[in-house]
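Input: a single structure, listed below in structure tokens.
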């Protein structure tokens, strides 16, 4: 995946409305001002009156500065790599500002998903800064997020300006691998060669249709230049076999079965084997390579979710 490409355009970002909130530091200041006001009245001190009015005026200006600091800031999400259940999801964000002034102390988080809060100390004028939010991935399956929250209490920490911004962000969590290793069970093995996308000392085995998102390293560009559709060269090596990761050969509940299949897929991929996947809702024919690996894991992660695509 290209993790450096923003998934939305700055010109199409829908900004939310900025709201102003008091922080706990403001309440402390209000308490101090109350004592100062009582002292100014009792002792008829002009200096105390002046200090009270200066601090009240500064507090009012703080709200204006906080709103102005956040007004031009927008967030753009980057592509998110899939993870296994139990691993953290790291969401990359690019904070940019449309104004000709810098934005300071802007924090960003995804309120609907929880996770960490990232503080960006400074966003350059008419520029951008990167941020990363970490989310928990407790269960497998597809996930999405529709809003990001931007906040700032610059300059004095007395007033917080915040805004919810609409975004399009989604990802998927693969099942956590568990269960018996690949060579410990009677997993079906056929043939004498592994079919994949590696060449070297392997023998050419023919063509197959190119799948969107697949590596283009072995695309037959000469055939494509002659007007044929995109085809990928397959090679047969002598180092592996054909493995079927079959739902019927697993035991336990749904999640235990998916975790077992995930472990077999990972081990078959690392061993350079050609492997297929059989689930109650579909079959992926045997193949090898990075694209096939993620396709199988994505099918496991999406199992049981309505409208999920492989």
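In the working numbering, the protein residues as written are 1463 to 1772.
Glycine included, every Cβ here is placed at the ideal spot set by N, Cα and C.
In this structure residue 1602 touches residue 1763 by the C-beta definition: roughly 5 Å separates them, less than 8 Å.
Residue pairing by DSSP leaves residue 1530 without any beta bridge partner. A contact is defined here as three or more CB-CB pairs under 8 Å, and the stretch 1492-1512 fails this definition with respect to the stretch 1721-1733.
Two segments are said to touch when three or more pairs of C-beta atoms, one from each, lie closer than 8 Å; by this definition the stretch 1543-1555 does not touch the stretch 1513-1531. The closest CA to that of residue 1585, considering only 1739, 1481 and 1559, is found on 1559. Within its own chain, the residues whose Cβ lies closer than 8 Å to the Cβ of residue 1485, once the five positions on either side in sequence are excluded, are 1615, 1619, 1620, 1621 and 1622, listed in chain order. For residue 1490, the enclosing alpha helix (DSSP H) stretches over residues 1486-1505. Under the three-state reduction of DSSP output, residue 1754 falls in the helix class.
Scanning its chain for C-beta atoms nearer than 8 Å, with the 5 sequence neighbours on each side dropped, one finds around residue 1714 the residues 1722, in chain order. Cβ neighbours of residue 1642 within its own chain (closer than 8 Å, five residues either side excluded): 1722 and 1725. For residue 1630, the uninterrupted beta strand (DSSP E) segment begins and ends at 1621-1636. Of the candidates 1591, 1759, 1501 and 1739, the residue whose Cα lies closest to the Cα of residue 1540 is 1591. Our two residues, residue 1760 and residue 1644, have alpha carbons roughly 19 Å apart in a direct line. Taking all protein chains shown into account, residue 1570 has 16 or more neighbouring C-beta atoms within 10 Å of its C-beta and is therefore buried.
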